[in-house]
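So the sequence shown is numbered by my numbering: it starts at 6 and just counts up by one.
Taking it in order: structure first as structure tokens, then the write-up.
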Amino acid sequence: MVNSCRKLNCNIYIGFYCSAIILPLICICSQFSQPTIDQFTKDPGAFPVATNGELFPWRELRLPTVVIPLHYDLFIHPNLTSLDFVASEKIEVLVRDATQFIILHSNGLEIMNATLQSEEDLRYRKPGKKLTVLSYPAHQQIALMVPEKLRADLRYSVAIDFQAKLADGFEGFYKSTYRTLGGETRTIAVTDFEPTEARMAFPCFDEPLFKANFSIKIRRESRHIALSNMPKIKTVEVDGGLLEDHFGTTVKMSTYLVAYIVCDFNSVSGTASSGVKVSVYASPDKWSQTHYALEASLKLLDFYEKYFDIQYPLPKLDLVAIPDFASGAMENWGLITYRETSLLFDPKTSSTSDKLWITEVIAHELAHQWFGNLVTMEWWNDIWLNEGFATYMELISVNATYPELQFDDDFMNTCFEVIKKDSLNSSHPISNQAETPTQIQEMFDAVSYKKGACILNMLKDFLSEGKFKTGIIHYLKKFSYRNAKNDDLWNSLSNSCLESDFTSGGFCYSDSKTTSNTLTFLGENVEIKEMMTTWTLQKGIPLVVVKQEGRSLRLRQERFLNGVFREDPEWGPLQERYLWHIPLTYATSSSNEIHKHFLKSKTDTLDLPETTSWVKFNVDSNGYYIVHYEGHGWDQLITLLNQNHTLLRPKDRIGLIHDAFQLVSAGRLTLDKALDLTRYLQRETSIPALLKGLEYLELFYHTIDRRNISDITENLKHYILQYFKPVIDMQSWSDEGSVWDRMLRSVLLKLACYLNHTPCIQKATELFSQWVESSGKLNISTDVLKIVYSVGAQTTAGWNYLLEQYGLSLSAAEKNKILYALSTSKHQEKLMKLIELGMEGKVIKTQDLAALLHAIARNPKGQQLAWNFVKENWTHLLKKFDLGSFALRMIIFGTTSHFSSKDELQEVKLFFESLKDQGVDLEIFQIVLETISKNIRWLEKNLSTLRNWLLISI
Ligand code: BES
Ligand code: ZN
Numbered sequence: 006m007v008n009s010c011r012k013l014n015c016n017i018y019i020g021f022y023c024s025a026i027i028l029p030l031i032c033i034c035s036q037f038s039q040p041t042i043d044q045f046t047k048d049p050g051a052f053p054v055a056t057n058g059e060l061f062p063w064r065e066l067r068l069p070t071v072v073i074p075l076h077y078d079l080f081i082h083p084n085l086t087s088l089d090f091v092a093s094e095k096i097e098v099l100v101r102d103a104t105q106f107i108i109l110h111s112n113g114l115e116i117m118n119a120t121l122q123s124e125e126d127l128r129y130r131k132p133g134k135k136l137t138v139l140s141y142p143a144h145q146q147i148a149l150m151v152p153e154k155l156r157a158d159l160r161y162s163v164a165i166d167f168q169a170k171l172a173d174g175f176e177g178f179y180k181s182t183y184r185t186l187g188g189e190t191r192t193i194a195v196t197d198f199e200p201t202e203a204r205m206a207f208p209c210f211d212e213p214l215f216k217a218n219f220s221i222k223i224r225r226e227s228r229h230i231a232l233s234n235m236p237k238i239k240t241v242e243v244d245g246g247l248l249e250d251h252f253g254t255t256v257k258m259s260t261y262l263v264a265y266i267v268c269d270f271n272s273v274s275g276t277a278s279s280g281v282k283v284s285v286y287a288s289p290d291k292w293s294q295t296h297y298a299l300e301a302s303l304k305l306l307d308f309y310e311k312y313f314d315i316q317y318p319l320p321k322l323d324l325v326a327i328p329d330f331a332s333g334a335m336e337n338w339g340l341i342t343y344r345e346t347s348l349l350f351d352p353k354t355s356s357t358s359d360k361l362w363i364t365e366v367i368a369h370e371l372a373h374q375w376f377g378n379l380v381t382m383e384w385w386n387d388i389w390l391n392e393g394f395a396t397y398m399e400l401i402s403v404n405a406t407y408p409e410l411q412f413d414d415d416f417m418n419t420c421f422e423v424i425k426k427d428s429l430n431s432s433h434p435i436s437n438q439a440e441t442p443t444q445i446q447e448m449f450d451a452v453s454y455k456k457g458a459c460i461l462n463m464l465k466d467f468l469s470e471g472k473f474k475t476g477i478i479h480y481l482k483k484f485s486y487r488n489a490k491n492d493d494l495w496n497s498l499s500n501s502c503l504e505s506d507f508t509s510g511g512f513c514y515s516d517s518k519t520t521s522n523t524l525t526f527l528g529e530n531v532e533i534k535e536m537m538t539t540w541t542l543q544k545g546i547p548l549v550v551v552k553q554e555g556r557s558l559r560l561r562q563e564r565f566l567n568g569v570f571r572e573d574p575e576w577g578p579l580q581e582r583y584l585w586h587i588p589l590t591y592a593t594s595s596s597n598e599i600h601k602h603f604l605k606s607k608t609d610t611l612d613l614p615e616t617t618s619w620v621k622f623n624v625d626s627n628g629y630y631i632v633h634y635e636g637h638g639w640d641q642l643i644t645l646l647n648q649n650h651t652l653l654r655p656k657d658r659i660g661l662i663h664d665a666f667q668l669v670s671a672g673r674l675t676l677d678k679a680l681d682l683t684r685y686l687q688r689e690t691s692i693p694a695l696l697k698g699l700e701y702l703e704l705f706y707h708t709i710d711r712r713n714i715s716d717i718t719e720n721l722k723h724y725i726l727q728y729f730k731p732v733i734d735m736q737s738w739s740d741e742g743s744v745w746d747r748m749l750r751s752v753l754l755k756l757a758c759y760l761n762h763t764p765c766i767q768k769a770t771e772l773f774s775q776w777v778e779s780s781g782k783l784n785i786s787t788d789v790l791k792i793v794y795s796v797g798a799q800t801t802a803g804w805n806y807l808l809e810q811y812g813l814s815l816s817a818a819e820k821n822k823i824l825y826a827l828s829t830s831k832h833q834e835k836l837m838k839l840i841e842l843g844m845e846g847k848v849i850k851t852q853d854l855a856a857l858l859h860a861i862a863r864n865p866k867g868q869q870l871a872w873n874f875v876k877e878n879w880t881h882l883l884k885k886f887d888l889g890s891f892a893l894r895m896i897i898f899g900t901t902s903h904f905s906s907k908d909e910l911q912e913v914k915l916f917f918e919s920l921k922d923q924g925v926d927l928e929i930f931q932i933v934l935e936t937i938s939k940n941i942r943w944l945e946k947n948l949s950t951l952r953n954w955l956l957i958s959i
């Protein structure tokens, strides 16, 4: 670091900081060429025009790095009656090169006044010099033009007064409302800034690299409380009976992590082992639902502090349930905000999967306090360094703190979910260019979160948990309060060998010729960076094709493509230049050992010590690759499953089911073979494996049912109910058993009732009537609650009653279940009514509209309705949700991705094209079109096979 400082020709003043934490900020290397003030005067035509008609002196989306913020003093006074706020700030900046202007982000703020003081001015208490403010809304930037050039290496203080309305949506400083038990509607004000919305709340250097300290003051009425990242130091009384809370100065952090809330919530608190005060806040009537979150966050905070060997650096951590929230949760440092369903556990109405979700979200956001907050990616192209790690850490921390949740058995599904997207050509590399706010928002997707987590898990398995952990601790310690990029991570992981590894001759440096980043693995040199860039800079997932020839295994790697077959003309070109460094693992019939092999060429051969009757690759499904067994490979595995499935580990059985059906979609395995593989499921003792098999059968059922192919629908229904009858009949309508027992109960009974299985419908109807008779007081087992409501929603009286209860319920978990049930009605006018309520945003909140449209689109009676609605109301939807937002992407994907005919594809294509003509182009459009094409292809190829297989199977 000192070197890079020298290279940048840092002078003495900066040299002073070189020993401090601030160093990296000062030594920021600009990644792009910046127009200089001279350029500005020489070539004014190259610059944009500000709102007042003058030239705006900056043309890039990214801010210049000549002026950097050190400290923000922020004062905010929201008015929850007039729904606006007035505010002021003083930003202490350091000028690195002489300049005539300061460029800041600002979006939708009315700037009333801006002044500048030099250090000297401050020292002699001279008034600030007034600055001219230019605004360039297209880039959400303002330019503060200074009368005299600012001098290099000096600090200045910029003071800005500004005001705005509290935002209507879910970003910036926005209003949220909730209903009390007594029926009163109350308003709170809350922030949500990631990725680029801090600039909606205060003018700032709104990029993750510009870390600074923040001192926040909030003025409020006495009936409210104010919360922010740091604890309150004092409250002072000001004019008009108002109170002003002063919060402690934060550690150095990025703007997107700043947060403040004005509300009237209550809390429960506890103290972590390290003394950190943890509190969970919710609206007053929901206080009783906060206890599980407090228990979980205390446990998880203790876990992370020990695991990372780094203390959580703030004195307190608040977790707040916000009634209107865009995403699931947001990791603001010290003040984590959550959607109510992600934090509040109501013992009466929250199911096991609700509990698992809450635990996961808390674990995720707490992990961010290190991965993301303490160490932040340099730029949004590497958001996976935040999100992939937080998702990976969920696995590590929940396994350790809540082993009874058996979360480990669910992690594979994280990988399976992203494989669906990553095996389309429309996928993108984990590290991907992103410049505009929309592109940046689009980076928050399954690839960053899930593929990120899965490749980290694969690397952990390859390096061993101990070395991986040592490496990530190095990374966190080295880059604390700073920013990092991919290479920094790989370097930290490469240098993670323990002292003993040098002498053991094991999996670490053993050869003096190797570079410090090289590990030796089974006698081969492995460059971690070279290996990992094949996973982060290259999109897609590899397919490993295995062919057994006597004692030899012939290996080949390809790019796995869903919906494109080898015989298609585009297959060849889509394969070009793809190559992964794959850490393979395998087990064979002859030993229990886990064998390893590092595949970094297109083809390779493995010689086994003896012939084996079967071989299974990707042990425990820890690797991010799909395996195809050519020749008799699949037959051998199917025989094995049928004869004694327990010879394979449960996760290997799940992996086989997954891979087999993926290979069907890629045209590499026939559907009847994959279905034959599931025949052993009648004897399957592992619930996750059973659920995986069921998931595919259910998926096929939905696909066929939507297309109204009644003979297959009937036969498949018959097959499922017959085949799984023993296990369906075994289910009780209770909450007993382990987490997986309970998950199985929910899935099986839901499916049975959906397929109109008489005993299921009878029991659910009976429970629903009792519940209505008890005026909603009867306690129904939480695992079957959604099923009971869904069956109840099939009559008009039941549906109406549920809608009424929806408005009254104080449990977000219950409301979600009711809303789902309402969306399963067969009556289109009822479905339309729900959409109207969702658009109105009163009874059904706007935050739930995306999930509602998705649920309605899954209902065969609602699919066309939901899609037509989206097409016809696109402009209305755009007013509610940002273009790149998760909600809008969910609405688009949720209402189209199930289509499976050429006509539907054409219709969707036309709609997307009309949007493109209006200048709207999103990555999700391509994903949808490819998904529909894949569905069409699947049906063309497999429909008759499915029909015939069912005929011989029932
Ligand atoms: N940092 C994100 C919140 C976020 C999401 C900000 C999208 C900007 C755009 C947060 O840590 C997160 O990942 N939340 C998840 C929940 C998590 C358990 C997967 C979410 O909101 O879905
Ligand atoms: Zn996250």
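From the three backbone atoms N, C-alpha and C, an ideal C-beta is built for every residue, glycine too.
Ligand 2 heavy atom lying under 7 Å from the CB of residue i
i           : result
residue 391 : yes
residue 336 : yes
residue 637 : no
residue 600 : no
residue 369 : yes
For residue i, the nearest candidate out of the options (CA to CA)
i           : options            : result
residue 472 : 776, 496, 587      : 496
residue 306 : 283, 294, 327      : 283
residue 69  : 761, 215, 851, 536 : 215
residue 739 : 802, 354, 258, 165 : 354
residue 171 : 929, 112, 920      : 112
residue 929 : 181, 941, 940, 914 : 914
residue 450 : 600, 442, 392      : 392
residue 548 : 136, 525, 574, 589 : 589
residue 399 : 440, 462, 441      : 462
residue 833 : 871, 846, 714      : 871
residue 616 : 596, 890, 327      : 596
residue 855 : 886, 847, 867, 865 : 886
Contact test: residue i Cβ vs ligand 1 heavy atom, cutoff 7 Å
i           : result
residue 679 : no
residue 454 : yes
residue 333 : yes
residue 446 : yes
residue 403 : no
residue 395 : yes
residue 373 : yes
residue 366 : yes
residue 176 : no
Check whether residue i and residue j have beta carbons under 8 Å apart
i           : j           : result
residue 693 : residue 662 : no
residue 319 : residue 235 : yes
residue 3   : residue 489 : What the structure shows of the chain is the stretch from 6 to 959, and residue 3 is not part of that stretch, so it cannot be assessed.
residue 580 : residue 424 : no
residue 665 : residue 682 : yes
Beta bridge counterpart(s) of residue i as assigned by DSSP
i           : result
residue 91  : 82, 168
residue 161 : 98, 123
residue 273 : 285
residue 459 : According to DSSP, which records beta bridges pairwise, residue 459 is partnered with nothing at all.
residue 612 : 557
residue 564 : 547
Quick check on the DSSP output: what are the complete beta strand (DSSP E) runs of length 3 or more inside the stretch 621–645, in order along the chain? 631–634
Quick check for students: name the residue ranges of the alpha helix (DSSP H) that lie wholly in the stretch 352–388, counting only runs of 4 or more. 357–373
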